[in-house]
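Okay, so here's the structure we're looking at.
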Ligand SMILES: Cc1ncc(COP(=O)(O)O)c(C=O)c1O
């Protein structure tokens, strides 16, 4: 685990996203499941970067992903079935050099079990600059986030449509990197239409903060990505990318889909 | 006996963050945080409203059939060499302790204006109890159950459907209780505005471990009074020497322990040896709280294994982790075969067919016979065994085919 990405400094997710946003670019954050497809997944990281991703979320599979729908669940369990584990995922990530910030996305027990210090330093060693832990809400996050801050690992918090207005400023002020607006009341997975809650969430967050506002969960197509980005600064797309491969598509198909997302966002 | 901390603060309320010592908390997706907070407020308000409490106790009496008796087991006592008392939760309506919690939560859901209950179930007892309460109170009900458990407990699946509930198979992971909880939580995340999550044990995010304990406290309160009357002041002040219960998530155990936490009674939880979260003492976070959790070297949750679907769970309620850590309760493992022995022993000697879950408690008592000699032991008979007889028959007949069908 020695290769460190060279083109940006760890801990600069926010700076990187802000700079692009301020230059008028909409932000694209695609997702990769660490360990799926077996052998090919590390290739997706540089592949996504080459077609215009601004940062990449790397899922470290967990046995009980309660925020995830069938697509991510299946990719996670296939990866775990092939022996994927946090250390192996991080070791592979360390070998990549995508030139954009990387974000680890996993459930809190993976981090807790490894120990906060060790988890933070392992991310850093792997060249990852931020973490998303969807089952670690504001009230529980401080112990981890304090350690993460020290290691310059940016802890991205989620904000959901169910939050009352008074809660949003508290979330954005603890969130680092960007604020992840949950696009709908539900778990990850594709939806035929963009939920109206996605735009509403984006508006509420934009009214609350200057931090980059990125909407994820339920953003399923280039058209939907463009629609959200009319209001939000960017999007996270996960299930739609992973499903391409679960249904027999190659990593190249997934990469070219990310290219389509880029093109749609560039048209906004 | 070693010194027991019997101060009233043991088994008091959790702190403002929902912690019992270092265990508990509220580790849920952001989407659910406001719902948990709303539930906490609603419960605090209802639990201090005499009218709500009266409504709850009226239902426990007139519908569930409380108080449940304490039965002295003369035959078993003679056989084992110590005095055995049973708290008869098996005699409640729907056949287990689960109805106490469910009636409390369903009343609360109604008071909160929710129209639908969602629940997880392992053995099917909590699912049946929830379906029952939904029928009684005119609510919709969806129960998630692991596919493996649906086979093991086919009769309970039919019962829930008969009661008007929808039963959905949890097809992920080990397809048992843990996966049913995952599915119920996912459903709740998506339907949080209309749906009340009726959790079946003292687990999950704050306020569930506390609230579910409060709804089951009636078990311990009744037993305390009944024991005082039965044993008289000369027998350890009317308190049994040892109180035993099986521990899956830990609700029946918490219920009976809560009546004796401030006494010198020893509190013992019996865990399946391959589902012994407390026994292993590794802390972790899943399903909303920090507690002891069976997990591998990377923190992946492991599958528990038990002959009893109701105890087939890799975690345990956070208050049990705390009681173990402070030494107020101890947790002992028993094997499937010891449980099957105990199941038959209870049936044969007392004419009471226990559920496989409380048979774990008896299995420990049989094993600890020497240590218990001359003592008075109160076992929480958390449920009746009707649901388990087909499975035990197959085990005793060595019916491999039937067992395969039930297991996978
Ligand atoms: C009769 C009976 N006892 C015990 C349990 C285990 O639950 P808990 O540990 O919450 O009491 C179950 C669960 O299904 C049960 O049916």
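Protein chains in written order, with our numbering: chain A, 3 to 270; chain B, 510 to 917.
Every residue gets a Cβ at the ideal spot worked out from N, C-alpha and C, and that includes glycine.
These numbers were taken from a predicted model, which means no experiment stands behind them.
Start and end residues, alpha helix (DSSP H) containing residue i
i, result
"residue 110/A", "110 to 116"
"residue 150/A", "140 to 152"
"residue 654/B", "Run containing residue 654/B: none in the alpha helix (DSSP H); it sits in the beta strand (DSSP E), 649 to 655."
"residue 231/A", "224 to 231"
"residue 206/A", "198 to 210"
"residue 220/A", "No alpha helix (DSSP H) holds residue 220/A; DSSP gives it neither H nor E."
N-terminal and C-terminal residue of the beta strand (DSSP E) that residue i is part of
i, result
"residue 628/B", "625 to 630"
"residue 891/B", "First-last for residue 891/B: undefined, no H or E at that position."
"residue 61/A", "58 to 61"
"residue 569/B", "Unbroken run through residue 569/B is the alpha helix (DSSP H), 559 to 571; no beta strand (DSSP E)."
"residue 799/B", "797 to 801"
"residue 704/B", "704 to 706"
"residue 531/B", "Careful: residue 531/B lies outside any beta strand (DSSP E) and carries neither H nor E."
"residue 755/B", "751 to 755"
"residue 173/A", "It is not in any beta strand (DSSP E) - residue 173/A instead sits in the alpha helix (DSSP H) that spans 169 to 176."
Any non-hydrogen atom of ligand 2 closer than 7 Å to residue i Cβ
i, result
"residue 866/B", "Looking for ligand 2 in the displayed structure turns up nothing; the ligands present are ligand 1."
Short CB-CB distance (under 8 Å) between residue i and chain B
i, result
"residue 139/A", "yes"
"residue 217/A", "no"
"residue 9/A", "Since pLDDT at residue 9/A reaches only 43, below the 50 mark, its modelled position is unreliable, and no value is offered."
"residue 41/A", "no"
"residue 35/A", "no"
"residue 110/A", "yes"
"residue 115/A", "yes"
"residue 183/A", "no"
"residue 226/A", "no"
"residue 75/A", "yes"
"residue 69/A", "yes"
"residue 187/A", "yes"
Exposed unless 16 or more other CB atoms sit within 10 angstroms - verdict on residue i
i, result
"residue 606/B", "buried"
"residue 868/B", "buried"
"residue 516/B", "exposed"
"residue 565/B", "buried"
"residue 540/B", "buried"
"residue 531/B", "exposed"
"residue 526/B", "exposed"
"residue 905/B", "exposed"
"residue 624/B", "exposed"
"residue 1/A", "The shown model of chain A, from 3 to 270, leaves out residue 1/A, and the question about it has no answer."
"residue 790/B", "exposed"
"residue 727/B", "buried"
"residue 878/B", "exposed"
"residue 670/B", "exposed"
"residue 7/A", "Here the model assigns residue 7/A a pLDDT of 42, short of 50, so the residue's position is not dependable, and the following value carries that caveat. That one is buried."
"residue 601/B", "buried"
Minimum Cβ-Cβ distance from residue i to chain A less than 8 Å
i, result
"residue 544/B", "yes"
"residue 536/B", "yes"
"residue 539/B", "yes"
"residue 687/B", "yes"
"residue 695/B", "yes"
"residue 699/B", "yes"
"residue 702/B", "yes"
"residue 793/B", "yes"
"residue 681/B", "yes"
"residue 804/B", "yes"
"residue 502/B", "Residue 502/B lies beyond the residue range present for chain B, which begins at 510 and ends at 917; the question has no answer from this structure."
"residue 730/B", "no"
Rounded distance between the beta-carbons of residue j and residue i, thought under 8 Å
i, j, result
"residue 81/A", "residue 36/A", "7 Å"
"residue 257/A", "residue 50/A", "6 Å"
"residue 31/A", "residue 59/A", "6 Å"
"residue 143/A", "residue 160/A", "At roughly 10 Å, the Cβ-Cβ gap does not stay under 8 Å, so residue 143/A and residue 160/A are not in contact."
"residue 693/B", "residue 673/B", "The Cβ separation is near 18 Å, so there is no contact."
"residue 534/B", "residue 744/B", "With a Cβ gap of about 40 Å, residue 534/B and residue 744/B do not count as contacting."
"residue 816/B", "residue 779/B", "Residue 816/B to residue 779/B, Cβ: 13 Å. No contact."
"residue 536/B", "residue 138/A", "6 Å"
Neighbour list for residue i in chain E, Cβ cutoff strictly below 8 Å
i, result
"residue 88/A", "In the displayed structure, chain E is absent; the protein chains listed are A and B."
Contact between the stretch 694 to 707 of chain B and the stretch 569 to 587 of chain B (3+ Cβ pairs under 8 Å): no
Contact the stretch 837 to 854 of chain B vs the stretch 543 to 560 of chain B: 3+ CB pairs below 8 Å: no
Cβ pair count under 8 Å reaching 3, the stretch 565 to 575 of chain B against the stretch 612 to 621 of chain B: yes
Cβ pair count under 8 Å reaching 3, the stretch 716 to 735 of chain B against the stretch 670 to 689 of chain B: no
At least three beta-carbon pairs within less than 8 Å, the stretch 241 to 253 of chain A to the stretch 200 to 214 of chain A: no
Given 8 Å, three or more beta-carbon pairs between the stretch 148 to 159 of chain A and the stretch 114 to 134 of chain A: yes
Contact the stretch 635 to 651 of chain B vs the stretch 557 to 564 of chain B: 3+ CB pairs below 8 Å: no
Three CB pairs or more closer than 8 Å across the stretch 746 to 756 of chain B and the stretch 883 to 893 of chain B: yes
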